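Scroll down for the structure; my scribbles are underneath it.
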Amino acid sequence: EDKVVQSPLSLVVHEGDTVTLNCSYEVTNFRSLLWYKQEKKAPTFLFMLTSSGIEKKSGRLSSILDKKELFSILNITATQTGDSAVYLCAVSISNFGNEKLTFGTGTRLTIIP
Amino acid sequence: DAGVIQSPRHEVTEMGQEVTLRCKPISGHDYLFWYRQTMMRGLELLIYFNNNVPIDDSGMPEDRFSAKMPNASFSTLKIQPSEPRDSAVYFCASSLGVTSKAFFGQGTRLTVV
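Heads up: the protein sequence lines correspond to chains F and X, in order. Going by this note's numbering, 127 is the number at position 84 of the first sequence; the sequence numbering is gapless. Going by this note's numbering, 92 is the number at position 68 of the second sequence; the sequence numbering is gapless.
Written out as structure tokens, the structure is:
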């Protein structure tokens, strides 16, 4: 069974701190790994990673994938209260010529002012 | 583009009633996904379509659940009869090829009493 596991389940830090969120996976036919941010409503896309060792960056957020060890991390530096959200990791898996996303249960990040 | 549009936003119904959730994907997208999100199980893929054809419905929990996509701009998820354990937020998402980022609708919060 395909599995995506995120850790920690929840995290509370002070504004300005740096956080690292983890995502490990055990899947067949891996294609890519995606990170989403979910505030109150719909998940919104952050990054898609397909190759090991290549860091993706967007402002204070960055992410990297290790396909050998089967994990990814999402880093957020100089955190702000607006970063408070659930961060979801998803793995895209080949499925009989098509593909589908399997999500982890998420990490709930709370930033204290 | 207005994004993925779901209706209704909230639905409260009595156990045993039929519930129909609706989704309009982003124009031009060829994949459509239905997800269910609960605190206990996170985001679960129920079913997805490619070019209006159901590809994988292995996530549909029971025969009480059915989904259709009669054309490229409309899909429904029906629960008949509904049960309290069906209470969750149901998301519809669409993408242009699964390896590209999926765009989520705002979700339908379903409460079955």
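Yeah, the Cβ is synthetic: ideal placement off N, Cα and C, and Gly gets one too. Keep in mind it's a predicted model, so treat the numbers as computed, not measured.
Is there a C-beta anywhere in chain C that falls below 8 Å from the one on residue i?
i, result
"F/Lys84", "Given the protein chain composition of this structure (F and X), no chain C is represented."
Of the residues the options, which one's Cα is nearest the Cα of residue i?
i, options, result
"F/Lys83", "F/Ile155, F/Lys46, F/Lys143, F/Gly125", "F/Gly125"
"F/Ser67", "F/Thr153, F/Lys143, F/Ala133, F/Pro156", "F/Ala133"
"F/Phe146", "F/Ser105, F/Ala128, F/Trp78", "F/Trp78"
"X/Gln108", "X/Ser97, X/Asn95, X/Thr135, X/Leu70", "According to the sequence provided, residue 108 of chain X is Pro. The question's Gln does not apply to it. Nearest of X/Ser97, X/Asn95, X/Thr135, X/Leu70 to X/Pro108, Cα basis: X/Thr135."
"F/Leu52", "X/Glu86, X/Gly52, X/His53, X/Arg65", "X/Arg65"
"F/Ser137", "F/Ser106, F/Gln123, F/Ser115, F/Ser75", "F/Ser75"
Tell me the rounded alpha-carbon separation between residue i and residue j.
i, j, result
"X/Val43", "X/Tyr72", "19 Å"
"X/Gln30", "X/Gln61", "15 Å"
"F/Pro156", "F/Leu64", "20 Å"
"X/Pro49", "F/Lys111", "36 Å"
"F/Gly96", "F/Asp109", "6 Å"
"X/Met39", "X/Arg133", "15 Å"
"F/Asn118", "F/Ser94", "17 Å"
"X/Gln130", "X/Ala117", "9 Å"
Please work out which residues of its chain come closer than 7 Å, Cβ to Cβ, to residue i, disregarding the five sequence neighbours upstream and downstream, and give them in chain order.
i, result
"F/His57", "Ile155"
"X/Leu67", "Tyr59, Gln61"
Start and end of the beta strand (DSSP E) containing residue i?
i, result
"F/Ser94", "Premise fails: F/Ser94 is in no beta strand (DSSP E) and is neither H nor E."
"X/Asn74", "66 to 74"
"F/Ile119", "114 to 119"
"F/Arg151", "150 to 155"
"F/Asp109", "104 to 109"
"X/Val43", "43 to 48"
Go through its chain and collect everything with a Cβ distance to residue i's Cβ below 6 Å, but skip five positions before and after it.
i, result
"X/Leu69", "Tyr59, Gly83"
"X/Ala126", "Ala117, Ser119"
| message | Would you call the region 79 to 96 of chain X in contact with the region 25 to 43 of chain X, where contact means no fewer than 3 C-beta pairs closer than 8 Å? | response | no
| Given 8 Å, three or more beta-carbon pairs between the region 41 to 61 of chain X and the region 93 to 110 of chain X | yes
| query | Is there contact here, the region 47 to 62 of chain F with the region 86 to 94 of chain F, by at least three beta-carbon pairs under 8 Å? | reply | Flag = no, the region 47 to 62 of chain F and the region 86 to 94 of chain F do not touch.
| field | the region 141 to 156 of chain F / the region 88 to 97 of chain X touching (three or more Cβ pairs under 8 Å) | value | With a cut-off of 8 Å, the region 88 to 97 of chain X and the region 141 to 156 of chain F do not count as touching, because too few Cβ pairs lie within range.
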